[in-house]
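Numbering (my numbering), first residue to last: -19 to 782.
A virtual CB, placed ideally from N, CA and C, is assigned to each residue, including glycine.
Note that this is a predicted model, so its numbers are computed, not measured.
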Amino acid sequence: MKTNKHRVSPSGAEDLDWDSADALQDVYLEYPILPLREVVVFPHMVSPLFIGRERSMRTIEAASALDHPLIAVTQRDFDKENPTPEDLYAVGTEITIERILHLPDGTANVLAQGHSRVRIVDFTQTHPYLMARATLTPDDFEETLSTKALMRAVLALFEKCVELNEDLPEDAYIAALNADEPGWLADLVASIMEFDVEKRQELLETFDPTERLERLSILLASELDLLELENKIHSRVQEEVDKSQREFFLREQMRAIQNELGETDPTTSDLKDLRAQIADSAMPDIVRKKAEKELHRLEGIPPASPEGGIIRTYLGWLVDLPWAKTTEDNTDIAHAISILHANHFGLRKAKERIVEHIAVRKLAPEKMRTPILCFVGPPGTGKTSLGRSIAQALGRNFVRVSLGGVRDEAEIRGHRRTYIGALPGRIIQTMRDAGSINPLFMLDEIDKLAYDFRGDPASALLEVLDPEQNNNFADHYLDVPYDLSKVMFITTANTLYPLSPALLDRMEVIDFPGYIEEEKLQIAKRFLIPRQIEEHGVRDHGIHFSDGAINKIIREYTLEAGVRNLEREIARICRKFARKIAEGKPVPHHTTASSLGRYLGPSKVTHLVAEDHNEIGVATGVAVTESGGDILSIEVTIMEGKGNLLLTGQLGEIMQESAQAALSYTRARAEKLGIANVDFDKIDIHIHVPEGAVPKDGPSAGITIATALISALLDRPVNREVGMTGEITLRGRVLPIGGLRQKAMAAYRAGLKTFLVPTKNRKDMVDIPRKVQRDLKFVFVERMDDVLPVALVQADNHPATN
Ligand code: ADP
């Protein structure tokens, strides 16, 4: 406002004191009016203006011709092309035009220097341009502490605004620092900030500098709030954009590398494949929903993330499992019979049961519940191979899983997916291998299922085998129900003793008691030898095993209920032949009993045959063991002592109780037995079971222990050709036992001549092969009194042979 050269009023006021604001207040000067659209020009500021309207051009031209300042005043309504005085605000800024740049189309860019606020008093002319009388209102201020504080506050706010708003010129803050008057500072900041026109005009119309600063600070503060918010949003958006851009960039790079390597993009093609596989799969709706949900999750996860891998594996399981695929059962009975006979010798009961099942299935295919069979018998008795044949006869897929040593429920039911490396349990894993929902599923060694603290695998197994529940079998990993109701389950066990009644209740037990020598001979001739010859590639060399050789292998190289070792020994011989043939050496066409030693070495079976001598205090028991039946010698020695009972060797807890019972019986019957002279308090009794496999059924050794004890006390030998089985009560009654067939066969194998059996077991004689019944004398005993006359060598026969 230091320049006053233009302050020549048309109404003649040249001699005014220009430096006195008060003096100017009441002086009305006449100015050409320059209406502005959307622009407010502030005092002191240089503003570029675009002049487009003809009337405005005329105003400027007139003012420049007279070298006269004009008043820039903003229109209320921007749309008015030719605003009337009412369309203009009443407060404007006195300006001088510093520079004009005429443009070819008649418009111009001008640079206007603002000087002072003016208030328009009245209009004096409207044509050809507006003229008005106005009064100058220069800032009037007193520097107080509060204006100083206000100035600082405005400066601080403004500094932040400049910092945050990239559109504001960086040196604006420096300029503001240099504005040392409050009004000037306010005008400077107001002209730089991008407030809307109303707000700018309001600031222009605020004559009091302090008040102007106050208003400005409010405006700045709210602007700052907005800017900060905007900035926050902006940086968040930027972060997201950066992240996704980075990912996009990396993915593009990967794609480019894969293209270079000639590989397809695994992520998209993999997901596409999975989607197609889920669509093609016959999974039920509930499973499909789950699969789609997981797939959706997978799509949102970076391909290389570990979680992606977990979901992929899970979806892989869902897709690979059979959900609806069934194989059609072949119910042709003649076909089934021919397959069962072609693959197996004997096993009449098992085969009959299967044929019955197929017959019922043929007549009532839908109604029938598939039975759960439990094949029980020693190893190598054809349980697994018969299972396979049944599957073949029915035309079902065959799968098998061993439960031996399974301790953890999770092995059957799987681990939840939250575990690292979780997988479905063995049932679901095996179902995937089966490829259909109705396979023949063999659960081997269910008697070897172990129990411990990690959940109860047996109860999981119960659920698998429960027709009421197994259509919704819950595997922890799968997390969706799986239908096992169409599966035909066959379980196998060596013995039934460890099985819980609940489990046994679900199953129909079929015994595989083991084979007698004649049966083994037939099995070897018809199945084992041809198969081994074939498998060893020695078929065309005319190899033949004589019956004598086979029998010798059975008797002297194997001692088993099944034929597993027999097959192994035959395989050994075939291996030796194969080597000879490969070396170009001649092979004997006939393998006879006498040539066996050359291939198999000296005979292996020396133990477990009946004792050579009739001995005092040694009785032969027959027991059921893991490998079928076995004989076991029980020895008793009497020594001077203090009435102790000593038990050693293969004695289980139950067998120890039997020993106690036998002793009590003997003491109670001492007189009758002829041992009344024995003072039990002065002797020690030592009972020992020397060798052989651990018997599974402890109590059945009762009468054997009693016999050995009485023999020792009476000093009378036991007949070495007599074997026995039976539980003893304190009163000397003989109670029935289990596994008679296994025991009878073991007795027969061991070469015993007489077999003492509880009378109550007479009903089981139907299971004993006729050959065994013929060659082994069965004596049925009800009381211990029946045992002793047969088992003990008669006094006049003593000493026995050898
Ligand atoms: P398990 O499952 O009872 O232990 P396997 O089924 O594995 O016994 O049988 C062992 C071997 O003996 C197999 O090679 C099987 O073919 C053969 N085998 C067993 N019993 C018979 C039989 N009755 N007829 C033909 N082969 C048999």
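Query: Say the cut is 7 Å; is the CB of Ile503 nearer than that to a heavy atom of the ligand ADP?; Result: yes
Query: When the Cα of Glu139 is compared with those of Thr127, Arg113, Ile172 and Pro108, which residue comes out closest?; Result: Ile172
Query: Under a Cβ-count criterion, where at least 16 other Cβ atoms within 10 Å of its own Cβ denotes burial, should Ala322 be classed as buried or exposed?; Result: exposed
Query: Among all the DSSP beta bridges, which residues are the ones paired with Asp664?; Result: Met619
Query: Does the distance from the CB of Arg376 to the CB of Asp309 come in under 8 Å?; Result: yes
Query: Helix, strand or coil: how does DSSP classify Gly731 here?; Result: coil
Query: Measuring CB to CB, does Leu193 end up less than 8 Å from Met131?; Result: yes
Query: How is the alpha helix (DSSP H) around Lys466 delimited, first residue to last?; Result: Lys466 -> no alpha helix (DSSP H), and no H or E assigned at all.
Query: For Glu549, verify whether its CB is less than 7 Å away from any heavy atom of the ligand NAD.; Result: The ligand content of the structure shown is limited to the ligand ADP, which means the ligand NAD is not among them.
Query: Taking all protein chains shown into account, do 16 or more other C-beta atoms lie within 10 angstroms of the C-beta of Arg742, making it buried, or fewer, making it exposed?; Result: exposed
Query: Let me check one thing: in DSSP terms, what residues is Ser583 bridge-paired to?; Result: Per DSSP, none; premise fails for Ser583.
Query: If you reduce the DSSP assignment to three classes, tell me which class Pro12 lands in.; Result: strand
Query: Over what stretch of residues does the alpha helix (DSSP H) that includes Val759 continue unbroken?; Result: Premise fails: Val759 lies in the beta strand (DSSP E), Lys757 to Val761, not in any alpha helix (DSSP H).
Query: According to DSSP, Val714 sits in a beta bridge with which residue or residues?; Result: Ile708
Query: So does Phe453 have its beta carbon nearer than 7 Å to some heavy atom of the ligand ADP?; Result: no
Query: To the nearest angstrom, how far is it from the Cα of His569 to the Cα of Arg519?; Result: 11 Å
Query: When you compare only the Cα positions, how much space is there between Leu116 and Ser96?; Result: 7 Å
Query: May I ask you to list the residues that DSSP assigns as paired with Met111?; Result: Pro12 and Gln105
Query: Would you list the one or two residues that DSSP bridges to Cys354?; Result: Thr471 and Val489
Query: How many angstroms separate the CA atom of Glu336 from the CA atom of Ala688?; Result: 47 Å
Query: Taking only the alpha-carbon atoms, compute the straight-line gap between Lys128 and Phe229 and give it to the nearest angstrom.; Result: 54 Å
Query: When you compare each of Leu479, Gly528 and Arg393 to Leu458 by their alpha carbons, which one comes out closest?; Result: Arg393
Query: Quick check: is any heavy atom of the ligand ADP less than 7 Å from the C-beta of Arg729?; Result: no
Query: Counting Cβ pairs closer than 8 Å, one from the region 616 to 623 and one from the region 716 to 727, do we hit at least three?; Result: no
Query: Assign Met263 to one of three DSSP states: helix, strand, or coil.; Result: coil
Query: Suppose the cutoff is 7 Å on Cβ atoms and the five residues either side in sequence are ignored; what does the same chain contact list for Ser465 look like?; Result: Pro447, Asn450 and Asn451
Query: When you compare each of Ile13, Leu165, Lys584 and Ala159 to Ile100 by their alpha carbons, which one comes out closest?; Result: Ile13
Query: Inspect the beta-carbon positions of Pro716 and Pro738 and report whether they are closer than 8 Å.; Result: yes
Query: Just to confirm, are Leu732 and Gly706 a CB contact at a threshold of 8 Å?; Result: no
Query: Which of the three DSSP states, helix, strand or coil, is assigned to Gly601?; Result: strand
Query: Is there contact here, the region 541 to 551 with the region 354 to 374, by at least three beta-carbon pairs under 8 Å?; Result: yes
Query: According to the Cβ coordinates, are Tyr11 and Ala112 closer than 8 Å?; Result: yes
Query: Determine whether the beta carbon atoms of Tyr645 and Ala686 lie at a separation below 8 Å.; Result: yes
Query: Please tell me whether Arg267 and Val460 are closer than 8 Å, where the distance is taken between their beta carbons.; Result: Reading the sequence as shown, one finds Val at residue 267 and not Arg. Yes. Within cutoff.
Query: Who does Ala92 pair with in a DSSP beta bridge?; Result: Ser27 and Ile77
Query: So if DSSP puts Asp610 in a beta bridge, which residue, or which two residues, is it bridged to?; Result: Ala603
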